Each structure stands twice: as C-alpha cells, then as structure tokens.
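Enquirer: Counting in the UniProt record's numbering, the sequence shown runs from 1 upward without gaps.
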Amino acid sequence: MMIEKEHYVVEVTGEGIIPVSEKETLLEAALLARIPIFHECGGNARCSTCRVLVLEEAHALSPPNEKEKMLSDQMRFPPNVRLACQTRVKGKDVKVSRIIRDKSDISLYVGSNAGESTQQIGEEKELALFFLDIRNFTAFVETRFPFDVIHIIRKLFTTFLEKVEQNHGKIIETSGDGLYAVFGFDQDPETAVDWAVKAGFSILSGLEDLNENYFKIYFNQIIEIGIGINAGIAVGGNIRLGKENRMVVMGHAVNIAARLQNATKELNNNFIISADAFKLLSTPPHHYQTTFISLKGVSSPLQVYLLGEHYL
C-alpha cells in the first residue's frame, strides 16, 4: 500500500503561502506556485541564486546535504541561509524570504560584488549604539592651519579607534568631527553595553591625557567631546560601494543614540546614556545623575543617565 507523503505549507514573505510535500524541494514547490525563485544552474547546487533567508522554524527544514554544505562553506553563508534547490520541508510554520528577486540582485550576492560576512544578508539584533562628537570643532578649524587640523584629527581618531576596538566595538561611520560605533554583533546586549560604556570612559580618560600632555602644550588648546549611548534593536548588513565593503546599521534606536549625543550640549554633560542602556549595565558607575529630556522623534520624555562631567 502506498503511503501518502506529508504536506505542509510555507510562507514566502510578501509573495504568498505555498503547499510543499516531503518529496519536493522548496525550489520545486515555489516554481509550481509561480514564485520565480532564481536557479541559474537548474537547481543542482552549482550556483547560489536560489538561496533563501529562513525567518521562522528553521528546525522544520531538512539538514543541509553534502552539496549544500560544500557551497555554503565556500560562500560563508550564515546558518539561516539555505539553498531552496536542496532543502525540503519536514514540519509546520516555516517562513522564508527570497534573497535574489531579479537579475539586478545577482551581482549583489554572487561574484566579486558579494559580501562575505554573516551580515551580508542583513540581520536584526539588539546592540549598543555609540555616538561621539568633538565639541566646537568648526571654530577650531577656522583658526588653524590645515596641517594642524588634520594632524589633530589623526591624533584624536587614533585614540578613539584604539579605545573602541579594545572594547570589542566596531566603528561604522566617521565624519570630520565625530564617529558612530556599534557594540554587540558578537556579544549579548548586557555585555555590549558594558563594553560600550567602558569604551566611553576609556576615551574620556585618553582625551584628558592628550589635553594635558599634548594639545595644551603644542596648540594651547583643550579638546572636548560628547558621547551618547543607547541600546536597542537595529538592522545591520554589508553594502558594497565600488571595491569597498561597508557595514551599515540603522533603525530608531540608532537615531536616539545620535540625539542623545547632541543632548550632551543641552545637559552640559559629556557622557549620557539612555535608561534602556543603563538597565543593562552589570555594574553601574558609582557617580551619576538622572533626568528626563525630550528628543525629536520620541513621543514622551526619555529618561537618561549623566555619567560624565560638565564642559569647561
């Protein structure tokens, strides 16, 4: 007696819900349902154009076979990326998303323009978000020789980068007088905030040393900065601009961190963090103040913690 194969349904985000039997691959089922998953090699695991991002119930899929493992290892796929041509469904409530949606997407993920990290697809994660700005730097630039300006920027950013990286952070973006860094791609949120706050204090300490032993002596100048930290969900991923691979991290939590840094001027304190970040600290600082402020884009007053010192 023939035993009928089990049937399941899979949601392909934004494109529909498709029936899948145990004997079918995800690619075969999608094509039958008129969802045009690319498969340049004909579904033989000789390309990666049929890859999908697994959003829910990854355990309900068949484990990667040898063909898929070989390609996955070669292209450094994160665990939630599967080849539709080699994947079968073994359980309920699977949810996936196509990665390559048209031919213009192929060059973003295949060949020389493809990213190689686990962030190449994009992921949502709770992170510690760190913004720093050099105070009154425009006025300084206008009164100094160009060589002096660039020299001081190099001196400062060498210190900033060293302190961020020593504390397991990654600088995402720099401008002439500031930077944006992220902590937590490889740590839990509590550890990420601990490292971010430690980096902030380390930068302030390093800057104090530079001011006393370098900037005051050689430039008759005191450099001041403002630091703002928030913790929250952000979306991160790699983009390729020309030959350069760059990481972007964005979201509402990022905007709040940037506005907290701006608020250091209003609050006359060079280091402030949100309550969302403060509550994750394993060991809060001995000395701090707390207050509420209004920020653009935030509907109600936000509690913040002042960890630093007044400006001169």
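Ideal Cβ placement from N, Cα and C applies to all residues, glycine included. Only a predicted model underlies this, so the values are computations on that prediction, with no experimental measurement involved.
Going by DSSP, what residue range makes up the alpha helix (DSSP H) through ASP73?
Expert: As a working mapping, residue 73 is identified with position 73 in the sequence shown. Unbroken alpha helix (DSSP H) run through ASP73: 66-75.
Enquirer: With LEU27 and ILE17 assumed to form a contact (beta carbons below 8 Å), what rounded beta-carbon distance in angstroms separates them?
Expert: Within the sequence shown, the letter at position 27 stands for residue 27. Within the sequence shown, the letter at position 17 stands for residue 17. No, LEU27 and ILE17 are not in contact; Cβ-Cβ is about 16 Å, not under 8 Å.
Enquirer: How many whole angstroms separate the CB atoms of GLN261 and ASP148, which I take to be in contact at a CB cut-off of 8 Å?
Expert: Residue numbering aside, residue 261 sits at position 261 when the sequence shown is read from its first letter. Residue numbering aside, residue 148 sits at position 148 when the sequence shown is read from its first letter. Not confirmed; about 25 Å, so no contact.
Enquirer: Just verifying my parser: in three-state terms, what is the DSSP assignment at GLU24?
Expert: As a position in the sequence shown, residue 24 is number 24, starting the count at 1. Residue state, collapsed to three classes: coil.
Enquirer: Can you list, in chain order, the residues of its chain whose CB lies under 8 Å from that of SER202, leaving out five sequence neighbours each side?
Expert: By one-based count along the sequence shown, residue 202 stands at place 202. LYS163, GLN166 and ASN167.
Enquirer: Spell out a yes or no on whether the segment 146-161 and the segment 94-105 are touching, meaning 3 or more CB-CB pairs, one atom from each, closer than 8 Å.
Expert: no
Enquirer: By how many angstroms is the C-alpha of MET247 removed from the C-alpha of ALA114?
Expert: Along the sequence shown, read from residue 1 onward, the residue named residue 114 stands at position 114. Along the sequence shown, read from residue 1 onward, the residue named residue 247 stands at position 247. Note that ALA114 scores a pLDDT of 48, beneath 50, so its modelled location is shaky; the value from the coordinates is reported in the next line. Whole-angstrom Cα-Cα distance: 13 Å.
Enquirer: By DSSP's criteria, SER175 is part of a beta bridge. Which residues make up the other side?
Expert: Taking the first residue of the sequence shown as 1, we reach residue 175 at position 175. Paired residues: GLY178.
Enquirer: Between the segment 201-220 and the segment 171-178, do at least 3 Cβ pairs fall closer than 8 Å?
Expert: Touching, no.
Enquirer: Go ahead and pull the three-state DSSP assignment for GLY228.
Expert: The residue labelled residue 228 in the question sits at position 228 within the sequence shown. Strand.
Enquirer: Quick check: VAL249 and SER274, are their CB atoms within less than 8 Å of each other?
Expert: Sequence index remark: in the sequence shown, residue 249 carries index 249 (1-based). Sequence index remark: in the sequence shown, residue 274 carries index 274 (1-based). Going by C-beta atoms, VAL249 is not nearer than 8 Å to SER274.
Enquirer: Nearest by alpha-carbon distance to GLN187: which of ALA84, GLU126, THR143 and ILE225 is it?
Expert: Here residue 187 refers to the residue found at position 187 when the sequence shown is read from its first residue. The residue with the shortest Cα to Cα distance from GLN187 is GLU126.
Enquirer: What are the residues that DSSP puts in a beta bridge with LYS170?
Expert: Taking the first residue of the sequence shown as 1, we reach residue 170 at position 170. In DSSP, LYS170 forms a bridge with VAL182.
Enquirer: Going by beta-carbon coordinates alone, are ARG51 and LEU83 separated by less than 8 Å?
Expert: For this step, residue 51 is matched to residue 51 along the sequence shown. For this step, residue 83 is matched to residue 83 along the sequence shown. Yes.
Enquirer: Straight-line CA distance for ASN211 to PHE219?
Expert: Mapped onto the sequence shown, residue 211 falls at position 211. Mapped onto the sequence shown, residue 219 falls at position 219. Whole-angstrom Cα-Cα distance: 10 Å.
Enquirer: One question on the structure: do ILE225 and ALA128 come within less than 8 Å of each other, judged by their Cβ atoms?
Expert: On the sequence shown, position 225 is the one that residue 225 refers to. On the sequence shown, position 128 is the one that residue 128 refers to. It is not a contact, given that the beta carbons lie outside the stated cut-off.
Enquirer: Going along the chain, which residues of its own chain have a beta-carbon closer than 6 Å to the beta-carbon of GLU15, five neighbours each way excluded?
Expert: Within the sequence shown, numbered from 1, the residue matching residue 15 stands at position 15. Counting only Cβ-Cβ distances below 6 Å, and skipping sequence neighbours, we find ILE35.
Enquirer: Rounded to whole angstroms, what is the Cα-Cα separation between ARG259 and LEU295?
Expert: Here residue 259 is taken as the residue at index 259 of the sequence shown, counted from 1. Here residue 295 is taken as the residue at index 295 of the sequence shown, counted from 1. Cα-Cα distance, rounded: 7 Å.
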